[in-house]
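Mind the numbering: the sequence shown is residues 4 to 437 in the working numbering, read in order.
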Amino acid sequence: MPDMKLHQAIEATGHKELGKKQKSANAASNTNAVSDYDLNVSKQRVYNVLKAAVENNELVACLPLLIKKNGKVLEVLSVEKKEHVDFIKDVCLKFYENRRARSIGDKSEVPKRKSGKKDTKNEAIHEKDVTVLLSNKKTQRYTKVKPLLSHAISLFLKLRCVNLKRRDIIDKYGLHANATKFINCLEILADIAAELLFQSDKEIAEKGEELMKAARNSKMLQGLINELLVKVDNLRKQSSKQLAEKEVVLDQLQNKKDLVVFDYRNRLKDVCISSTFNMAEANVESAERSEELKKQVKEMTETYATLCNNNLSTEKKLKNKCGKVESQLASWLAKYDSDVGDKRMEYERLRDDLDDLDSAIDDLEDMIADLDPQYLLFKEEEEEELQEKFNEMAYKFLLNRSAMTIQRYWRAYRLEKKTKKKGKGGKKGKGKDK
Numbered sequence: 004m005p006d007m008k009l010h011q012a013i014e015a016t017g018h019k020e021l022g023k024k025q026k027s028a029n030a031a032s033n034t035n036a037v038s039d040y041d042l043n044v045s046k047q048r049v050y051n052v053l054k055a056a057v058e059n060n061e062l063v064a065c066l067p068l069l070i071k072k073n074g075k076v077l078e079v080l081s082v083e084k085k086e087h088v089d090f091i092k093d094v095c096l097k098f099y100e101n102r103r104a105r106s107i108g109d110k111s112e113v114p115k116r117k118s119g120k121k122d123t124k125n126e127a128i129h130e131k132d133v134t135v136l137l138s139n140k141k142t143q144r145y146t147k148v149k150p151l152l153s154h155a156i157s158l159f160l161k162l163r164c165v166n167l168k169r170r171d172i173i174d175k176y177g178l179h180a181n182a183t184k185f186i187n188c189l190e191i192l193a194d195i196a197a198e199l200l201f202q203s204d205k206e207i208a209e210k211g212e213e214l215m216k217a218a219r220n221s222k223m224l225q226g227l228i229n230e231l232l233v234k235v236d237n238l239r240k241q242s243s244k245q246l247a248e249k250e251v252v253l254d255q256l257q258n259k260k261d262l263v264v265f266d267y268r269n270r271l272k273d274v275c276i277s278s279t280f281n282m283a284e285a286n287v288e289s290a291e292r293s294e295e296l297k298k299q300v301k302e303m304t305e306t307y308a309t310l311c312n313n314n315l316s317t318e319k320k321l322k323n324k325c326g327k328v329e330s331q332l333a334s335w336l337a338k339y340d341s342d343v344g345d346k347r348m349e350y351e352r353l354r355d356d357l358d359d360l361d362s363a364i365d366d367l368e369d370m371i372a373d374l375d376p377q378y379l380l381f382k383e384e385e386e387e388e389l390q391e392k393f394n395e396m397a398y399k400f401l402l403n404r405s406a407m408t409i410q411r412y413w414r415a416y417r418l419e420k421k422t423k424k425k426g427k428g429g430k431k432g433k434g435k436d437k
């Protein structure tokens, strides 16, 4: 009977422990679900904050454009509480006037304070700056905040009509270049946050692997680029050396040219002087020669007249011979024409053969041009196969190396565990002896 009660008590305690374990498991799953939900909510909150920062900065960048001409543009756009619009306009205009006065350095426009007297309470509040401590782990810096200006900007951001017409205002009036650059940076930051916050661990790991592959490829390409740069530097040095040598040779040739031109001019002067003397002598000789020739012409005319009278019979004979020669020449010309016709036909036949050969050569060139893309495609496939083989070899090498490292650390861990067990056993034996 007591044994039965003891058995029942043990079973009851076992059931209680199982119930506690189930409750703890359910609570852990609920806490994990709640933590995931909180994490997603926090991510969405961060993204919403960045998007709101982009919109608020766009509105603040539009504020200087809206308060121009005493804030008439802001008054036309806003149909809400007039006192808020007047407050924003007055505070911003006063702030810009004070900044302009400080930048120009015109002290005559700023009233001087009397010694020994303080400003009124409203002026003190309006002009007083609040110092805020911005603490950091490494440095501490102070910045000044104008409470009225910050309050005016917060009211401006709450104007519903301005928020609705924000994009129209930006398109109409435009923004400053620095403001546009800053807003673009914020938009890029929001896009990066949206991309990174809602990514899973698997996607991040895949992108990391892609970046590692890209880094390895960039290292290989950087090595090739460095080699090419070294080659380019060597070629530049060689070309500069050759250019210097060519310039030296060019200078030498220019000097030789100058010497040759100088020598040629001197020789030309000597030739001109000698030629003038020779021409004078030649003129005298030609005058004497012309007299002699006149005498010879007179004698020749007399002999010609006698020859004409004496050689009429000879002329008739020569005319007969000339007729025979002309007839023979005509026969030769006819024969030449027939031979030229045959040669012309042979030339046309050879020209046709040449055209056929040219067309055959063009066909062969077209066939070669058609085969070029197939050759390039084959080379690209061969390079891709080589790259895949190289990647497989690298992956196997890394896998073997990591396995060896794991085995080495596992052996060291087992050896350390054995030594600890042996040390504990030795200590227990010593305690029993005592």
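Note that CB positions come from ideal geometry on N, CA and C, so glycine has one too.
Asked	Found
Can you give me the C-alpha to C-alpha distance between residue 363 and residue 377, rounded to a whole angstrom?	22 Å
Would you report the Cα separation of residue 241 and residue 267, rounded to the nearest angstrom?	38 Å
Evaluate residue 95 with the Cβ neighbour count: other Cβ atoms within 10 Å of its Cβ, from every protein chain shown; 16 or more gives buried, anything less gives exposed.	buried
DSSP three-state call for residue 178: helix, strand or coil?	coil
In whole angstroms, give me the CA-to-CA distance for residue 272 and residue 254.	27 Å
Are residue 246 and residue 64 touching if we call contact CB-CB under 9 Å?	no
Should the stretch 48-65 be called in touch with the stretch 210-219, which here means at least 3 C-beta pairs below 8 Å?	no
Rounded to the nearest angstrom, how far is the Cβ of residue 197 from that of residue 412, given a contact under 8 Å?	Wrong, their Cβ atoms sit about 40 Å apart, outside the cutoff.
Which same chain residues end up closer than 7 Å to residue 398 when comparing Cβ atoms and leaving out the 5 residues on each side of it in sequence?	none
Considering only C-alpha positions, which residue in the set 192, 330, 91, 175 is nearest to residue 154?	91
For residue 172, tell me which candidate among 301, 61, 385, 238 has the shortest Cα-Cα distance.	61
Would a C-beta distance cut-off of 9 Å place residue 2 and residue 46 closer than the cut-off?	Residue 2 lies beyond the range of the chain shown here (4 to 437); nothing can be said about it.
Are there 16 or more other CB atoms within 10 angstroms of the CB of residue 283, so buried, or fewer, so exposed?	exposed
Roughly how many angstroms lie between the CA atoms of residue 249 and residue 263, to the nearest whole one?	21 Å
At the level of alpha carbons, what is the spacing between residue 275 and residue 285?	15 Å
In angstroms, rounded to a whole number, what distance separates the CA positions of residue 119 and residue 150?	Since pLDDT at residue 119 reaches only 40, below the 50 mark, its modelled position is unreliable, and no value is offered.
Which of the three DSSP states, helix, strand or coil, is assigned to residue 314?	coil
Do you know offhand how far residue 189's Cα is from residue 370's?	58 Å
Go ahead and label residue 332 buried or exposed: buried means 16 or more other beta carbons lie within 10 angstroms of its beta carbon, across all protein chains shown.	exposed
At the level of alpha carbons, what is the spacing between residue 220 and residue 235?	22 Å
Ordered along the chain, which non-local residues of its own chain (more than five positions away) have a Cβ less than 6 Å from that of residue 350?	none
Could you tell me whether the Cβ atoms of residue 193 and residue 42 are closer together than 9 Å?	no
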